[in-house]
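J.:
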Amino acid sequence: MAVNRNFRTCPSTGLVYHEPAEKLIRWNAVAGVVSLLVGGVLALLVTLTRWPAVKLLPPDWFYLVLTAHGLDMLVFWIIFFEIAVLYFAASTLLKCRLATPKVAWVAFWLMIVGAITNNIAVFKGDSSVMFTSYVPMGAHPLFYLGFILFAVGALVACFVFFGTLVVGKAEKTYNGSIPLVTFGAVTAAIIAVFTIAAGAIILIPTFLWSVGLVSHIDSLMYRTVWWAFGHSSQQINVAAHVSVWYAIAAIVFGAKPMSEKVSRGAFVLYILFLQLASAHHLLADPGLTSNWKIFNTSYAMYLAVLASMVHGLTVPGAIEVAQRGKGFNKGLFEWLRKAPWGNPCFSGMFMSLVGFGFLGGISGVMMGTEQLNLIIHNTIYVPGHFHATVVVGTTLAFMALTYFLIPTLFRRELMFPGMAKWQTYVYGLGMMGFSVFMMGAGTLGVPRRHWDMAFSGAALPHEFPGAAYLMMGLMAVSGVLATVGGAMYLVNTVGSVFFGKKIVTPDFKRVPVREGMAPARPPEPAVAPAGHGAIGAGGFVAPGTFVLAMVFLTSFVLYYFVNWKYLSTVWPLK
Amino acid sequence: MSQAPATPGAADDDVHDEPIPMMQQLIDNPFLLLFLGVAMPTVLYIVWGVMEIVGIPLAK
Numbered sequence: 003m004a005v006n007r008n009f010r011t012c013p014s015t016g017l018v019y020h021e022p023a024e025k026l027i028r029w030n031a032v033a034g035v036v037s038l039l040v041g042g043v044l045a046l047l048v049t050l051t052r053w054p055a056v057k058l059l060p061p062d063w064f065y066l067v068l069t070a071h072g073l074d075m076l077v078f079w080i081i082f083f084e085i086a087v088l089y090f091a092a093s094t095l096l097k098c099r100l101a102t103p104k105v106a107w108v109a110f111w112l113m114i115v116g117a118i119t120n121n122i123a124v125f126k127g128d129s130s131v132m133f134t135s136y137v138p139m140g141a142h143p144l145f146y147l148g149f150i151l152f153a154v155g156a157l158v159a160c161f162v163f164f165g166t167l168v169v170g171k172a173e174k175t176y177n178g179s180i181p182l183v184t185f186g187a188v189t190a191a192i193i194a195v196f197t198i199a200a201g202a203i204i205l206i207p208t209f210l211w212s213v214g215l216v217s218h219i220d221s222l223m224y225r226t227v228w229w230a231f232g233h234s235s236q237q238i239n240v241a242a243h244v245s246v247w248y249a250i251a252a253i254v255f256g257a258k259p260m261s262e263k264v265s266r267g268a269f270v271l272y273i274l275f276l277q278l279a280s281a282h283h284l285l286a287d288p289g290l291t292s293n294w295k296i297f298n299t300s301y302a303m304y305l306a307v308l309a310s311m312v313h314g315l316t317v318p319g320a321i322e323v324a325q326r327g328k329g330f331n332k333g334l335f336e337w338l339r340k341a342p343w344g345n346p347c348f349s350g351m352f353m354s355l356v357g358f359g360f361l362g363g364i365s366g367v368m369m370g371t372e373q374l375n376l377i378i379h380n381t382i383y384v385p386g387h388f389h390a391t392v393v394v395g396t397t398l399a400f401m402a403l404t405y406f407l408i409p410t411l412f413r414r415e416l417m418f419p420g421m422a423k424w425q426t427y428v429y430g431l432g433m434m435g436f437s438v439f440m441m442g443a444g445t446l447g448v449p450r451r452h453w454d455m456a457f458s459g460a461a462l463p464h465e466f467p468g469a470a471y472l473m474m475g476l477m478a479v480s481g482v483l484a485t486v487g488g489a490m491y492l493v494n495t496v497g498s499v500f501f502g503k504k505i506v507t508p509d510f511k512r513v514p515v516r517e518g519m520a521p522a523r524p525p526e527p528a529v530a531p532a533g534h535g536a537i538g539a540g541g542f543v544a545p546g547t548f549v550l551a552m553v554f555l556t557s558f559v560l561y562y563f564v565n566w567k568y569l570s571t572v573w574p575l576k
Numbered sequence: 048m049s050q051a052p053a054t055p056g057a058a059d060d061d062v063h064d065e066p067i068p069m070m071q072q073l074i075d076n077p078f079l080l081l082f083l084g085v086a087m088p089t090v091l092y093i094v095w096g097v098m099e100i101v102g103i104p105l106a107k
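Chains W and P are the protein sequences, given in the same order.
Heads up: the first sequence begins at 3 in this note's numbering, then just goes up one per residue.
Heads up: the second sequence begins at 48 in this note's numbering, then just goes up one per residue.
1) Check whether chain P comes within 8 Å of W/Leu290, counting only Cβ atoms and requiring the distance to be less than that.
2) Whose Cβ in chain W lies nearer than 8 Å to the Cβ of P/Met69?
3) Looking only at its chain, what residues have a beta carbon closer than 6 Å to the beta carbon of W/Phe330, apart from the 5 residues adjacent to it on each side?
4) Check whether chain P comes within 8 Å of W/Trp294, counting only Cβ atoms and requiring the distance to be less than that.
5) Rounded to the nearest angstrom, how far is the Cβ of W/Met440 from that of W/Pro385, given a contact under 8 Å?
6) From the beta carbon of W/Gln277, is the nearest beta carbon of chain P less than 8 Å away?
7) Only counting the same chain, and skipping five residues up and downstream in sequence, which positions put a Cβ closer than 7 Å to that of W/Phe457?
8) What separation, rounded to the nearest whole angstrom, lies between the Cα atoms of W/Gly178 and W/Lys328?
9) Along chain W, in chain order, which residues have C-beta atoms closer than 9 Å to that of P/Glu99?
10) Out of W/Ile238, W/Ala484, W/Phe78 and W/Gly116, which one is the CA nearest neighbour of W/Tyr272?
11) Closest Cβ-Cβ distance between P/Leu105 and chain W: below 8 Å?
12) When DSSP builds the beta bridges, which residues end up paired with W/Arg10?
13) Mind checking W/Gln2: buried by the 16 CB within 10 Å criterion, or exposed?
14) Give every residue of the same chain whose Cβ lies closer than 7 Å to the Cβ of W/Val572, excluding the five residues on either side of it in the sequence, and list them in chain order.
15) Candidates W/Pro288, W/Arg7 and W/His243: which alpha carbon is nearest W/Thr397's?
16) Verify the CB distance criterion: does P/Pro66 have a CB-CB separation below 8 Å to chain W?
17) I'd like the list of long-range same chain contacts for P/Tyr92, defined as Cβ closer than 7 Å, with 5 residues on each side in sequence excluded.
18) Report the rounded CA-to-CA distance for W/Val18 versus P/Ile100, giving the unit in angstroms.
19) Closer than 8 Å, CB to CB, is P/Leu91 near chain W or not?
20) Quick one: does P/Val94 have its CB under 8 Å from some CB of chain W?
21) Evaluate P/Asn76 with the Cβ neighbour count: other Cβ atoms within 10 Å of its Cβ, from every protein chain shown; 16 or more gives buried, anything less gives exposed.
22) Which class does W/Lys25 belong to by DSSP, given the choice of helix, strand or coil?
23) Quick one, which of W/Pro318, W/Phe269 and W/Pro288 has its alpha-carbon nearest W/Ala308's?
24) How should W/Met552 be labelled, buried or exposed, when 16 other C-beta atoms within 10 angstroms of its C-beta is the threshold for buried?
25) Any beta carbon of chain P sitting closer than 8 Å to that of W/Ile219?
26) Measuring alpha carbon to alpha carbon, tell me which residue in W/Thr445, W/Ala252 and W/Ser354 is nearest W/Ala399.
27) Just checking: is the beta-carbon of P/Leu81 within a distance shorter than 8 Å of some beta-carbon in chain W?
28) Measuring only between beta-carbons, confirm whether W/Val244 sits less than 8 Å from chain P.
29) Taking the straight line between their C-alpha atoms, what separation do you get for W/Leu416 and W/Leu68?
30) Are W/Ala117 and W/Gly72 closer than 8 Å when you measure CB to CB?
31) How about W/Ala31 and W/Ala86: do their beta carbons lie closer than 8 Å?
32) What distance in whole Å lies between the Cβ atoms of W/Ala306 and W/Gly348, which are believed to be in contact at a cut-off of 8 Å?
33) Looking at the strands, I want to know which residues DSSP matches up with W/Ala539.
34) Which same chain residues end up closer than 6 Å to W/Val213 when comparing Cβ atoms and leaving out the 5 residues on each side of it in sequence?
35) Can W/Tyr561 and W/Met368 be called in contact, C-beta distance under 8 Å?
36) Since I believe W/Ala190 is in contact with W/Leu95 (beta carbons under 8 Å), could you give me their beta-carbon distance rounded to a whole number of angstroms?
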């Protein structure tokens, strides 16, 4: 069978795109953005319903919309885009042809059919079981079937990614170790394989239960195995968006990691320990022992948290070193003040990093502590946490990367560059506010998922303090702001991809690899290892980042112990 | 084999012939990492968790 070895080199970045890989990256990215569009409209409806002063939808519609919002955002948008990132990291960064493009197309169409089937099942109205779909709450069989088809497609796509690594090594398109960004993508793909396998273990029997072939699914067994899928699916995002941080630092600043060994070591910690954090969803379940809970969420999860702190330190550290090397060497923060804040690629990435660390990271460790978890378990604090990690962290990083991909991958100019400058701020600050106010309301006990926080008309209604209603109102205002930011992103990206001015390169042609594309990297001249010269201050090459890390650690410790103090007031010990 | 390298490039080759450290071999092997990344959570989270649930006495 003839192998397509046609490549093109992007004239503005020098990146090399394999023709079939390029199409697959585009189609997966577009499918992701369409899912984001659907999920974004639903996000506005959820927000306006949970706003106590508005309560837009009736309860049955609320649960339907919440189910579709969770699936379209947490599964379909993110995983389609991640598959695009995997193909980019393997094929483009390794200057390598994509392994088995036809199989990759089969994977793509399986994912499309799965996503559509699942959405149809939800919008029919008999599968409003929410993202978690806990049994014995049953959905239509198409709901599970769609999920399974999508998962199989994503699994096949992961193995196309691994196959591409094998092709790159066999055809010697790279020397030595794979680049760090590709290594981060390997981490994401490994977590994806575990995630999808866990999903299959629990969703296939549940599908059989929904069609009557299995009589009973144990609810605790379901919850335990389901969360190996449900939470790990969000850990794929963490590995993917951290890779995007490194990529954007290199693209915008030419920054090199402060220590490749340390960064790779941190990714290995993700591979070994990150998925175990799934156990924090079960910390209030009586059926599992504290040994299992504490090992998974404390001992193991803290190693993954350590890895996140390493990435959170080395990415801005690398940017600081690169900026100081360019002469922005005054004081602690000139490098940051003079950063290209008008470039949405950078501003989106930096807000993603700060929001993920300060909001998502710190709250995640608090939630992962068995005792502290009791304060906020099943409250709206939990979606506050994961909107900080998955939306501020992942979605914002992916949005930032899109502004780089539109000119290089789609060869189009941005239709509204001025809007793009503002978009990351509107969306990022809106989502940060949304997460913070959700966490505030959750700390006051407001339940998650529930249509009406006051339980109006119930036999035992609950009176929340006025501050809880204030928090929910502020959450909704922030959510509307974030929706505006999301709409700005969609208008700009969809408009640019379909109607943007084409970037025309004179004498453009695709070049077969055998005619000299993707040449072996020339040997680098032997130079004595150089230090960082005269940059930095006080013996640190990145003193500004060190100060930021100390601010982070102080916030972390204070917040952690404030919650212990809060716990002591909830359950006084006498 | 025993001749001294005549060019700087040949000297570089000698440097590359040094044994690759074990950790780097691990990190450079995506399939070994895949095995570890699937085996660890399968054993520590799923198998251990399922064993605990199966061990819960049934109500009578």
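The beta-carbon is built from N, C-alpha and C at its ideal position, and this holds for glycine as well.
The structure presented is a predicted model; accordingly, all values stated were derived computationally and were not measured.
T.: Taking the definition as stated:
1) Taking the first residue of the first sequence as 1, we reach residue 290 of chain W at position 288. Yes, its Cβ sits closer than 8 Å to a Cβ of chain P.
2) Numbered from its first residue, the second sequence carries residue 69 of chain P at position 22. In chain order: nothing, as chain W lies at least about 13 Å away.
3) Within the first sequence, numbered from 1, the residue matching residue 330 of chain W stands at position 328. If you ignore the 5 residues before and after W/Phe330, its C-beta comes within less than 6 Å of the C-beta of Glu336, Trp337 and Lys340, all in its own chain and listed in chain order.
4) Within the first sequence, the letter at position 292 stands for residue 294 of chain W. Judged by the 8 Å Cβ criterion, W/Trp294 is in contact with chain P.
5) As a working mapping, residue 440 of chain W is identified with position 438 in the first sequence. As a working mapping, residue 385 of chain W is identified with position 383 in the first sequence. So it is a contact: roughly 6 Å between Cβ atoms.
6) Stepping through the first sequence from its first residue, residue 277 of chain W is reached at position 275. Cβ-Cβ to chain P under 8 Å: yes for W/Gln277.
7) Locating residue 457 of chain W in the first sequence gives position 455, where the first residue counts as 1. Excluding sequence neighbours, W/Phe457 sits near Pro463 and His464.
8) Translated into positions along the first sequence, residue 178 of chain W becomes position 176. Translated into positions along the first sequence, residue 328 of chain W becomes position 326. Their Cα atoms are separated by approximately 29 Å.
9) Position 52 of the second sequence, counted from the start, is the residue given in the question as residue 99 of chain P. Going along chain W in sequence order, the residues near P/Glu99 (Cβ under 9 Å) are Thr226, Gly289, Leu290, Thr291, Asn293 and Trp294.
10) By one-based count along the first sequence, residue 272 of chain W stands at place 270. Looking from the CA of W/Tyr272, the closest CA among W/Ile238, W/Ala484, W/Phe78 and W/Gly116 belongs to W/Ile238.
11) Residue 105 of chain P sits at position 58 when you count from the first residue of the second sequence. For P/Leu105, the answer is no, since every Cβ of chain W falls outside 8 Å of its Cβ.
12) What you label residue 10 of chain W is simply residue 8 of the first sequence in a count that begins at 1. Per DSSP, W/Tyr19.
13) Limits of chain W in this structure are 3 at one end and 576 at the other, which puts residue 2 of chain W out of reach.
14) Numbered from its first residue, the first sequence carries residue 572 of chain W at position 570. Once the five neighbours on either side are set aside, the close Cβ partners of W/Val572 are Ile377.
15) For the purposes of this step, residue 397 of chain W is taken as the residue at position 395 of the first sequence. Out of W/Pro288, W/Arg7 and W/His243, W/His243 has the C-alpha closest to the C-alpha of W/Thr397.
16) Numbered from its first residue, the second sequence carries residue 66 of chain P at position 19. Not one chain W Cβ lies under 8 Å of P/Pro66.
17) On the second sequence, position 45 is the one that residue 92 of chain P refers to. Same-chain partners within the cutoff: there are none.
18) As a first step, residue 18 of chain W is located in the first sequence; it is residue number 16 there, counting from the start. As a first step, residue 100 of chain P is located in the second sequence; it is residue number 53 there, counting from the start. Rounded to whole angstroms, W/Val18 to P/Ile100 spans 51 Å at the Cα level.
19) The sequence position of residue 91 of chain P within the second sequence is 44, counting from 1. P/Leu91 counts as touching chain W.
20) Mapped onto the second sequence, residue 94 of chain P falls at position 47. Not one chain W Cβ lies under 8 Å of P/Val94.
21) Position 29 of the second sequence, counting from 1, holds the residue named residue 76 of chain P. Exposed.
22) Counted from its first residue, the first sequence places residue 25 of chain W at position 23. Here W/Lys25 sits in helix by DSSP.
23) Along the first sequence, one-based indexing puts residue 308 of chain W at 306. Note on identity: in this sequence residue 308 of chain W is Leu, with Ala being the wrong assignment. Here the closest residue by C-alpha is W/Phe269.
24) What you label residue 552 of chain W is simply residue 550 of the first sequence in a count that begins at 1. Counting Cβ neighbours within 10 Å, W/Met552 comes out exposed, since fewer than 16 surround it.
25) Residue mapping note: residue 219 of chain W aligns to position 217 of the first sequence, counting from 1. Chain P contact via Cβ: absent.
26) What you label residue 399 of chain W is simply residue 397 of the first sequence in a count that begins at 1. Checked all of W/Thr445, W/Ala252 and W/Ser354; the closest Cα to W/Ala399 is W/Ser354.
27) Against the second sequence, residue 81 of chain P aligns to sequence position 34. By this cut-off, P/Leu81 is an interface position.
28) Mapped onto the first sequence, residue 244 of chain W falls at position 242. For W/Val244, the nearest beta carbon of chain P is not closer than 8 Å to its own beta carbon.
29) The residue given as residue 416 of chain W occupies position 414 in the first sequence. The residue given as residue 68 of chain W occupies position 66 in the first sequence. Spanning the two alpha carbons is a distance of roughly 32 Å.
30) The residue labelled residue 117 of chain W in the question sits at position 115 within the first sequence. The residue labelled residue 72 of chain W in the question sits at position 70 within the first sequence. Not a contact, by the Cβ cut-off of 8 Å.
31) Taking the first residue of the first sequence as 1, we reach residue 31 of chain W at position 29. Taking the first residue of the first sequence as 1, we reach residue 86 of chain W at position 84. Cβ atoms of W/Ala31 and W/Ala86: closer than 8 Å.
32) As a working mapping, residue 348 of chain W is identified with position 346 in the first sequence. As a working mapping, residue 306 of chain W is identified with position 304 in the first sequence. Residue identity check: residue 348 of chain W is Phe in the sequence provided, not Gly. Taking a contact as a CB-CB distance under 8 Å, the pair W/Phe348 and W/Ala306 does not count as one, their CB atoms being some 26 Å apart.
33) Here the question's residue 539 of chain W lines up with position 537 in the first sequence. W/Ala539 pairs with W/Phe542.
34) If you number the first sequence from 1, residue 213 of chain W lands on position 211. Cβ neighbours of W/Val213 beyond the five flanking positions: Pro143.
35) Taking the first residue of the first sequence as position 1, residue 561 of chain W is located at position 559. Taking the first residue of the first sequence as position 1, residue 368 of chain W is located at position 366. In contact: W/Tyr561 and W/Met368 (Cβ atoms closer than 8 Å).
36) Numbered from 1 along the first sequence, position 93 holds the residue referred to as residue 95 of chain W. Numbered from 1 along the first sequence, position 188 holds the residue referred to as residue 190 of chain W. So it is not a contact: roughly 14 Å between Cβ atoms.
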